[in-house]
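Here the structure is laid out as C-alpha cells; the discussion comes afterwards.
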C-alpha cells in the first residue's frame, strides 16, 4: 500500500507556479503587435499583409517540418514560431520579394532556433538573426524603402545626411521604413499592453532608451536639440526593438541588475553603430551583440546563495 506516493508529488524547484505558460505569453505578444501590424498593412497596402502571412507561414512550416524530420514532438502549438514570423515580417520592407521572406523565416527557425535545441536554447533573437542574415544576403532588397509609391530614404538616413525630418510623421508612421517600425504610437499601445499584463517590465526598454538618449546628447553633435533627439528615438526601429525584441525571455538577463546592465549596453552599442558608425540604423546589431553578452552579464549579477562567502584567494566557506 503506497500511501505516500499517492499523496506527494516530488518535483524539483521552483514549486511556485505562475498561471501563464509559453502559449499564453506568446499570445499576449501577438496581440501587442497587432496595432503595429494593422497600421503597417494600412500604411503600405496588401503587399505588407502578404509578406506578414508568408513569413509567419514559413516559420511555422519550418518548425513543423524540422521536428518531423528529427522525430521530435511538435511545438508549433506554443505559438513561438508565429511570434518569430510576425516580428521578422515587421522588420522587413514591404517591397521585399516573398521568396526572400520565406528564406528568412526558415533561417530564423532552423538555424537560429532549432539547431540550438529549440525554444529556450537559442543564444540570439531568431527574428533579428534572420533580419541580419537577409541584410547581408540581399542588401539591395532590404534597404530599398517605398512610401506612397515613391522610393526614398528613411528618416534616420536623412538625419545622417544632415537633412531635416518631420517628427510628427515619425510618431504617426506616415513615412518610409519597415512594415512595423514606422508608427511609434501603434508600438507604444502594444508595449503598454505587455507592461499591464506583466509580460515585460520597464527595466530593459527604459534603461535602453534613456542610455541611448544620453549617448545622443553627448555624441550626436546637435547639443540639446530636442527635435533631433526625439527623431533618433522614434526612428530606426528603436521602439520596436526595445519593447518587443530586447525583452525576449530567452536572450535577455533574468536578474534585475542584469537587465539594467543589459539595457545600458544596448543603448551604448546602438549609439556607437548609429551615431559614430557609417550606418544610420544599428538596433538589430546592438541587440544581437548584447544577446551574446547575456551569459557574462548573468554570471556577474546572479545573487550569491545565503551563507556563501568568497574569501581571499578564491576559497569559499
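In our numbering, the protein residues as written are 3 to 319.
No residue lacks a Cβ here, since even glycine has one placed at the ideal position from N, Cα and C.
Asked, Found
"Unbroken alpha helix (DSSP H) run spanning residue 37, endpoints", "24-46"
"Residues sharing a beta bridge with residue 152, DSSP", "149"
"Cutoff 6 Å; reference residue 232; Cβ partners in own chain excluding five residues on either side", "169"
"Range of the contiguous alpha helix (DSSP H) that encloses residue 135", "128-139"
"Own chain partners of residue 76 with C-beta closer than 7 Å, once the 5 adjacent residues on each side are dropped", "66, 69"
"4 or more residues per run - each alpha helix (DSSP H) lying fully within the region 164-212", "169-174, 186-198"
"Check whether residue 37 and residue 181 have beta carbons under 7 Å apart", "no"
"Alpha helix (DSSP H) segment containing residue 108, residue limits", "100-108"
"Contact set for residue 55: own chain, Cβ-Cβ below 6 Å, skip 5 residues either direction", "none"
"Meets three-Cβ-pair contact criterion under 8 Å: the region 127-146 and the region 101-117", "yes"
"Where residue 269 falls: helix, strand or coil (DSSP)", "helix"
"Between the CA atoms of residue 86 and residue 59 - distance to the nearest angstrom", "11 Å"
"Assigned exposure category for residue 175 - 16 Cβ within 10 Å defines buried", "buried"
"Stretch pair the region 285-292 + the region 267-274: three plus CB contacts closer than 8 Å", "yes"
"Assumed close pair residue 39, residue 92 - CB separation to whole angstroms, cut-off 8 Å", "7 Å"
"Rounded distance between the beta-carbons of residue 135 and residue 109, thought under 8 Å", "5 Å"
"Any non-hydrogen atom of the ligand FMN within 6 Å of residue 153 CB", "The ligand content of the structure shown is nil, which means the ligand FMN is not present either."
"Inter-residue spacing [alpha-carbon to alpha-carbon] between residue 64 and residue 219", "44 Å"
"Beta-carbon proximity list for residue 250, same chain, < 6 Å, skipping 5 on both sides", "127"
"Alpha-carbon to alpha-carbon, residue 27 and residue 3", "In this prediction, residue 3 has a pLDDT of 44, which is less than 50 and means its spatial position is unreliable; nothing more can be read from the coordinates."
"Host alpha helix (DSSP H) of residue 234 (start-end)", "228-236"
"Anticipated Cβ contact below 8 Å, residue 296 with residue 255, distance rounded", "6 Å"
"Straight-line gap, residue 304 to residue 261 (C-alpha atoms, nearest Å)", "11 Å"
"Neighbour-count burial assignment, residue 44, 16 or more Cβ in a 10 Å radius", "exposed"
"Residue 157: first and last residue of the uninterrupted alpha helix (DSSP H) it sits in", "157-162"
"Reduced DSSP secondary structure (H/G/I, E/B, other) of residue 252", "coil"
"Where residue 283 falls: helix, strand or coil (DSSP)", "coil"
"Where residue 293 sits in the DSSP three-state scheme", "helix"
"Anticipated Cβ contact below 8 Å, residue 2 with residue 238, distance rounded", "With the chain covering only 3 through 319, there is no way to say anything about residue 2."
"DSSP three-state assignment for residue 263, whether helix, strand or coil", "helix"
"Buried versus exposed call for residue 185 [16 or more other C-beta atoms within 10 Å across all chains shown]", "buried"
"Distance CB(residue 248)-CB(residue 187) smaller than 7 Å", "no"
"N- and C-terminal bounds of the alpha helix (DSSP H) containing residue 87", "82-92"
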